[in-house]
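When you line the sequence shown up against our numbering, it's residues 1 to 344, in that order.
Ideal placement from N, C-alpha and C gives every residue a C-beta, glycine not left out.
Treat the numbers as computed from the prediction; the structure is a model and nothing was measured.
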Amino acid sequence: MKKKLLALGLAGMMMLGALAGCGGGGDTKEPAADTGADTAQTDNGGDAGKSASDTIKVVMSMPIRDEFWTSMEKKAVAKAEELNVDLTVYESQYDFTQQLSHVSTAAVDGADAVIVGLVNNDSAQEIINAAGDMKVVFVNRQPDLSVLQDNKVVYVGTDETLYGNDQGKFLADYFKAKNKTDINAVILMGELGLDNVIKRTQSVKDSLAENGINVTIAYEDTANWDRAKAMDKFTQFMGTGKPFDAVICNNDEMALGCVEAMNASGKPIDFPIVGIDGTVGGCQAVKDGTMACTVLQDQGAQGEGVILCASGLVRGEPIDNLVDNYYNIPPALITPENVDQFMS
Numbered sequence: 001m002k003k004k005l006l007a008l009g010l011a012g013m014m015m016l017g018a019l020a021g022c023g024g025g026g027d028t029k030e031p032a033a034d035t036g037a038d039t040a041q042t043d044n045g046g047d048a049g050k051s052a053s054d055t056i057k058v059v060m061s062m063p064i065r066d067e068f069w070t071s072m073e074k075k076a077v078a079k080a081e082e083l084n085v086d087l088t089v090y091e092s093q094y095d096f097t098q099q100l101s102h103v104s105t106a107a108v109d110g111a112d113a114v115i116v117g118l119v120n121n122d123s124a125q126e127i128i129n130a131a132g133d134m135k136v137v138f139v140n141r142q143p144d145l146s147v148l149q150d151n152k153v154v155y156v157g158t159d160e161t162l163y164g165n166d167q168g169k170f171l172a173d174y175f176k177a178k179n180k181t182d183i184n185a186v187i188l189m190g191e192l193g194l195d196n197v198i199k200r201t202q203s204v205k206d207s208l209a210e211n212g213i214n215v216t217i218a219y220e221d222t223a224n225w226d227r228a229k230a231m232d233k234f235t236q237f238m239g240t241g242k243p244f245d246a247v248i249c250n251n252d253e254m255a256l257g258c259v260e261a262m263n264a265s266g267k268p269i270d271f272p273i274v275g276i277d278g279t280v281g282g283c284q285a286v287k288d289g290t291m292a293c294t295v296l297q298d299q300g301a302q303g304e305g306v307i308l309c310a311s312g313l314v315r316g317e318p319i320d321n322l323v324d325n326y327y328n329i330p331p332a333l334i335t336p337e338n339v340d341q342f343m344s
């Protein structure tokens, strides 16, 4: 089996979406064709229609193919090879119409399961409706947990508030060591309105307060997860001359954009810049001392987890670490003291 990276033309996507009823505003599609396999109940209540020796067909729709999602994809592909899963990966380019078309097309093509990194957290039910009889594995971008269903719809990821908690605790320790409890902070956020952006941003503020740090927000804006946009935004902010003590970013790419802005300015980075993801670039910056810390969002464990869940749901096999349809992956704080163990 080999990974297939498919790029669909807009006209083709709309045609296939129409065939599958993807534009129906939540209407269900025609169910995938019956494979004719006998089914039986297993201990976890799933269908045991396919054995480990049978190849299962799975489609994955990513919101974007950046460093983080590419790392996840590589792990998913490797695990798929191991578990006899025929995996096809699409990139939706943050376009929900494309993502819905990926799911509808997968159903028409008779896929057994679909893995979705949601473009929009609020669109989970539309994805489920379009999936029909396919198993659904949401990853990284958490839908409302009410949409999860036994043996049908699961989520692979981490409680998003934990990332901000770790950032806040790290910064609280950093400033308390300097006998400083009042700080001015810059916050750069991902795409506004997303569940993970809201939780990461609010939880770092809450964590700082709970750990005895009084924070004045000197500047808060979105850079849409993007390094270049973060560099521009932070450069503009520095031009105001407003004082600040720390830069808090919702992901590593934006943190690295702030690092690049500082490098371009010729000024030393004498304040903490913190990120989330634990990407290769983020870890290297922590090792180099240009970022103070990052919090691991384990893309490798997520990539393996989505295949384990898809395989288990389709084959009716028990899925270790799946509790209440939630496959939880804990975060890890990465600092100069432990960064080497996260670099490969």
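Using only the alpha-carbon positions, how far apart do residue i and residue j sit?
i           : j           : result
residue 180 : residue 275 : 21 Å
residue 170 : residue 293 : 8 Å
residue 176 : residue 80  : 47 Å
residue 209 : residue 190 : 22 Å
residue 83  : residue 55  : 8 Å
residue 233 : residue 223 : 7 Å
residue 345 : residue 318 : No information on residue 345 is available, as it lies outside the stretch 1 to 344 that the chain covers here.
residue 277 : residue 300 : 11 Å
residue 335 : residue 58  : 37 Å
residue 201 : residue 88  : 33 Å
residue 101 : residue 116 : 12 Å
residue 237 : residue 247 : 11 Å
residue 161 : residue 297 : 12 Å
residue 341 : residue 259 : 23 Å
residue 305 : residue 241 : 46 Å
residue 123 : residue 72  : 22 Å
residue 187 : residue 219 : 6 Å
residue 148 : residue 325 : 6 Å
residue 103 : residue 216 : 44 Å
residue 264 : residue 164 : 28 Å
residue 249 : residue 77  : 29 Å
residue 221 : residue 129 : 35 Å
residue 97  : residue 212 : 45 Å
residue 38  : residue 50  : Unreliable positioning characterises residue 38 in this predicted model, as indicated by a pLDDT of 29, which lies under 50. The coordinate reading is nonetheless provided below. Spanning the two alpha carbons is a distance of roughly 8 Å.
residue 290 : residue 312 : 42 Å
residue 92  : residue 105 : 13 Å
residue 268 : residue 286 : 15 Å
residue 333 : residue 295 : 5 Å
residue 199 : residue 144 : 13 Å
residue 134 : residue 118 : 17 Å
residue 280 : residue 235 : 24 Å
residue 168 : residue 53  : 47 Å
I need the DSSP call for residue i, collapsed to helix, strand or coil.
i           : result
residue 284 : helix
residue 239 : coil
residue 220 : strand
residue 334 : strand
residue 266 : coil
residue 322 : strand
residue 275 : strand
residue 297 : coil
residue 214 : strand
residue 42  : For residue 42, the pLDDT reaches just 31, beneath the cut-off of 50, and the residue's location in the model is therefore unreliable, leaving the point undetermined.
residue 70  : helix
residue 111 : coil
residue 257 : helix
residue 179 : coil
residue 251 : coil
residue 290 : coil
residue 340 : helix
residue 162 : helix
residue 173 : helix
residue 312 : helix
Tell me residue i's beta-bridge partners as DSSP assigns them.
i           : result
residue 138 : 116, 155
residue 61  : 90, 116
residue 228 : Bridge partners of residue 228: none, in fact.
residue 246 : 185
residue 328 : 157
residue 77  : Looking at the DSSP assignment, residue 77 forms no beta bridge with any residue, so it has no partner.
residue 85  : 56
residue 302 : Answer is none; residue 302 lacks a bridge partner.
residue 167 : DSSP, once it has assigned bridges, lists no residue as partnering residue 167.
residue 149 : 153
Quick check: is any heavy atom of the ligand NAD less than 8 Å from the C-beta of residue i?
i           : result
residue 160 : This structure simply doesn't include the ligand NAD, nor any ligand for that matter.
What is the residue span of the alpha helix (DSSP H) that residue i lies within?
i           : result
residue 55  : From DSSP, residue 55 is part of no alpha helix (DSSP H); its letter is neither H nor E.
residue 126 : 124-131
residue 101 : 96-108
Is there a Cβ from chain D that is less than 9 Å from the Cβ of residue i?
i           : result
residue 199 : Although the question refers to chain D, the structure presented lacks it and comprises just one protein chain.
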